[in-house]
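What follows is one structure encoded as C-alpha cells, with my remarks underneath.
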Amino acid sequence: MTVSARSAFSKLRMGLAIAMLPGLALAQTAPSSVNAPLAGTGNAVVSEAPVTNGIPGNSTVAELQQLIQDRSLNEMRTSYNGRYGASLLFKRDTLTYYVALFQQRNFWRVVKTDSESHAEQVYDSFVAQTRDLASVDLRRIRLDAERVRTERLIATNESRLGALQNDVLVRQQQEERVAAAQQQARQEAASLASEQQAARAQLINLERRIQTLEAENSGGIPPARSEGRGQSGRAQSGAAQSQPVSPARRASSSSASDVSQK
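Per my numbering, the very first residue in the sequence shown carries number 1; after that it's consecutive.
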C-alpha cells in the first residue's frame, strides 16, 4: 500500500469513528440511484438509502465500519470531488470488495460484492456521482472566491475613487484661491494705475505753478534752467566776439583811449 493510499485510508477510518457517534447524521442529501446488482453479480448487496438516526447493526455500512476498525481491509482506490468521495476496499481473506460513497466523514452508500468487475463498475459509478454532486460545491467555492475578490476590488476602487475625489477637491480649492488672488492683483493694479495717473497730474500741475511763479519773479521773462542759461550766455558771448567792428566804432574807441591816456 502506498503512502497516499494509507493516508486516504486513515482519513476514511477517522470518518468512520466520527460517523459512529450517537445522533450523528450520516447523510445530508438524497442518494442517486446505482445500477446494482449488475449482470453476473447476483450476490451484490446495496445500501440504497442513507441512515439518518444512527447505524443499524444489520447493515452493510455497519459491517464496513467494523472491518475498518479491525483493519481488515485494503484500500484499492479512493477519489475525492469536493466534499464527496468514493472508495474501493478489498477484504483479502474472503476476496470480497466493498465500494463506499461518502460525504465528508459520513458514509452514504456501501456496495458489497465478490466480483471485481462489478466492484470496478460500481466504483466508477460512485466516482461519477461524486463529480456531479461536487459540481455545485465547486461552483459555490469558485463563486465565493470571486465574490471575495470582487469585494476586495470594490474596496480598492472605492479607496482610489476617494483619493481621486480628494485630488479634484484640492485642485478646485487651489484654483479658487488662485482666481481670487488674480482678481485681487488685478484690482490692486487698477487702483495703483489710478493713483499713478492722479499723482502724475498733480506733479504736472505743480511744475506749471512753479514755472509761473519763477516767470513773475524774473520780470515777466520765464527763467530758463540753470544749464540752459549757461549755454545761452556762452552762445551770446561767442556771437558778440564774432560780430565785425565798424570804422566809426573803432574811431570812437580810439578817441576814448587817447583821452584816457592824457
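We put the CB at the ideal spot given by N, CA and C, even for glycine.
Could you check what DSSP says for residue i in three-state terms: helix, strand or coil?
{"i": "Gly85", "result": "strand"}
{"i": "Gln103", "result": "strand"}
{"i": "Asn166", "result": "helix"}
{"i": "Ala181", "result": "helix"}
{"i": "Arg273", "result": "Lying outside 1 to 262, the shown extent of the chain, residue 273 is not represented and no answer is given."}
{"i": "Asn58", "result": "coil"}
{"i": "Arg186", "result": "helix"}
{"i": "Ser115", "result": "coil"}
{"i": "Arg171", "result": "helix"}
{"i": "Ser218", "result": "coil"}
{"i": "Arg147", "result": "helix"}
{"i": "Asp137", "result": "helix"}
{"i": "Pro31", "result": "With a pLDDT of only 35 at Pro31, under the threshold of 50, the placement of this residue in the model should not be trusted; the figure read from the coordinates follows. Here Pro31 sits in coil by DSSP."}
{"i": "Ser72", "result": "coil"}
{"i": "Ala199", "result": "helix"}
According to the neighbour-count rule (16 or more other Cβ atoms, all chains shown, within 10 Å of its Cβ), is residue i buried or exposed?
{"i": "Gln197", "result": "exposed"}
{"i": "Glu151", "result": "exposed"}
{"i": "Ala100", "result": "buried"}
{"i": "Thr94", "result": "exposed"}
{"i": "Ser191", "result": "exposed"}
{"i": "Ala134", "result": "buried"}
{"i": "Leu64", "result": "buried"}
{"i": "Gln66", "result": "exposed"}
{"i": "Leu164", "result": "exposed"}
{"i": "Asn58", "result": "exposed"}
{"i": "Arg109", "result": "buried"}
{"i": "Gln121", "result": "buried"}
{"i": "Gln103", "result": "buried"}
Out of the options, which one is the CA nearest neighbour of residue i?
{"i": "Leu89", "options": "Lys112, Thr150, Glu207", "result": "Lys112"}
{"i": "Ile68", "options": "Ser87, Asn205, Ala145, Leu169", "result": "Ser87"}
{"i": "Gly74", "options": "Thr96, Ala62, Ser59", "result": "A small correction: the amino acid at residue 74 is Asn; Gly does not occupy that position in the sequence shown. Nearest option by C-alpha distance: Thr96."}
{"i": "Arg77", "options": "Glu207, Glu146, Ala119", "result": "Ala119"}
{"i": "Ser115", "options": "Asn106, Leu138, Lys91, Gln103", "result": "Lys91"}
Opposite residue i in the DSSP bridges: which residues?
{"i": "Thr96", "result": "Lys91"}
{"i": "Arg109", "result": "Leu101"}
Three or more C-beta pairs closer than 8 Å, one from the segment 125-137 and one from the segment 77-87: is that the case here? Contact between the segment 125-137 and the segment 77-87 is present, because at least three Cβ pairs lie under 8 Å.
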